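This report concerns only the one structure given below.
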Amino acid sequence: QKEVEQNSGPLSVPEGAIASLNCTYSDRGSQSFFWYRQYSGKSPELIMSIYSNGDKEDGRFTAQLNKASQYVSLLIRDSQPSDSATYLCAVNPAYTGTASKLTFGTGTRLQVTL
Amino acid sequence: EAGVTQSPTHLIKTRGQQATLRCSPISGHTSVYWYQQALGLGLQFLLWYDEGEERNRGNFPPRFSGRQFPNYSSELNVNALELEDSALYLCASSEGLGEYNEQFFGPGTRLTVL
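Residue numbers (the numbering used here), protein chains in the order written: chain A, 688 to 801; chain B, 1256 to 1369.
Right, dumping it as structure tokens:
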């Protein structure tokens, strides 16, 4: 089982719709979770971080975390063509003082169609 | 505020040579992370430095090494280059120890090994 799993996509949504991106992780003790957006040929850009169960909203983005189900998701409302990119889920495993690092999923490619 | 910077943007080497990649973190950040993103693969954690010390290391051979300088900038060295080392090398920085610290990426160095 991969440590962080994402559906590779592509996920195709029409402009203006809600895009839902999902991620599961294997380390039950994980404490922090991040969503990055990566345009082709560019480096990842942090768009959301979430640490507690529930929802966290920032503009058109909402991150959802369910630690019991080991599941984190990202919702993008009113999707725009400029949202077309690969979205990477990253998890920081249980912190032991010297082990802090991010484990990334392979990403979900989102295509927003006109 | 300036972001993470990396140099060079592109680097072309031949098998067996050594490559040196450089990274300057965001001002005030003490932790520097190195990741490898090979074509078709996800981001793989390489190294983590904080306050001049190597804090953690990913599953890479010893020919991948680095250091962090007193000004918190960092260098990644790859010795005895192999063809499969061709990848985008990404540097990220964060405010320091702690699993809640967000990591911000630089633009990357694309290494091509011929």
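Where is the CB? At the ideal position from N, CA and C, for every residue including glycine. This structure is a prediction, so every number in the text was calculated from the model and none was measured.
Measure the C-alpha to C-alpha separation of residue i and residue j and round it to an integer number of angstroms.
i       : j       : result
A/T785  : A/E702  : Residue confidence is low: A/T785 scores 48 on pLDDT, short of 50, so the model does not pin down where it sits. Its coordinate-derived value is still stated next. Roughly 44 Å between the two C-alpha positions.
B/Y1370 : B/P1280 : As displayed, chain B neither begins before 1256 nor continues past 1369, which places residue 1370 of chain B out of reach and without an answer.
B/P1362 : B/S1329 : 15 Å
A/S766  : A/G746  : 12 Å
A/N779  : B/N1311 : 13 Å
A/Y738  : B/L1369 : 43 Å
A/Y712  : A/Q718  : 11 Å
B/R1277 : A/S736  : 27 Å
B/E1308 : B/Q1291 : 20 Å
Consider the Cβ of residue i: report whether some Cβ of chain B lies at a distance smaller than 8 Å.
i      : result
A/K641 : Lying before the first or after the last residue shown, residue 641 of chain A is absent from chain A, which here runs from 688 to 801.
A/T785 : Unreliable positioning characterises A/T785 in this predicted model, as indicated by a pLDDT of 48, which lies under 50. A coordinate reading is not provided.
A/P701 : no
A/L733 : yes
A/Y712 : no
A/F791 : yes
A/Y774 : no
With which residues is residue i paired in a DSSP beta bridge?
i       : result
B/R1277 : B/S1262 and B/E1330
B/F1300 : B/Y1290
A/K689  : Note: A/K689 sits in no beta bridge, so no partner.
B/G1321 : B/L1331
A/S808  : Residue 808 of chain A cannot be examined here, being either before or after the span of chain A that is shown, 688 to 801.
A/G741  : A/L752
A/L708  : A/L761
A/L775  : A/Y723
B/I1267 : B/T1367
B/D1305 : B/S1286 and B/E1308
A/T790  : A/V778
B/S1348 : B/V1287 and B/F1359
Rounded to whole angstroms, how far is the Cβ of residue i from the Cβ of residue j, which I believe are closer than 8 Å?
i       : j       : result
B/A1342 : B/Y1288 : No, B/A1342 and B/Y1288 are not in contact; Cβ-Cβ is about 15 Å, not under 8 Å.
B/V1333 : B/A1293 : So it is not a contact: roughly 13 Å between Cβ atoms.
A/A772  : A/Q725  : 6 Å
A/E692  : A/C710  : 7 Å
B/K1268 : B/L1331 : The pair is not a contact, with the Cβ atoms about 13 Å apart (cut-off 8 Å).
B/H1339 : B/R1270 : Correcting the residue identity first, residue 1339 of chain B is Glu in this sequence and not His. Not really, about 10 Å apart at Cβ, beyond 8 Å.
A/K788  : B/F1300 : 5 Å
Does the CB of residue i have a neighbour CB from chain A at under 8 Å?
i       : result
B/E1289 : Per the sequence presented here, residue 1289 of chain B reads as Trp, with Glu not at that position. Chain A contact via Cβ: absent.
B/Q1273 : no
B/Y1327 : no
B/E1256 : no
B/Y1344 : no
B/G1297 : yes
B/N1311 : yes
B/Y1304 : no
B/G1321 : no
B/G1361 : yes
B/E1350 : no
B/E1339 : no
B/F1300 : yes
Three Cβ pairs or more, each shorter than 8 Å: is that satisfied between the stretch 788-799 of chain A and the stretch 748-759 of chain A? no
The stretch 755-773 of chain A in contact with the stretch 1319-1337 of chain B per 3-pair CB rule at 8 Å: no
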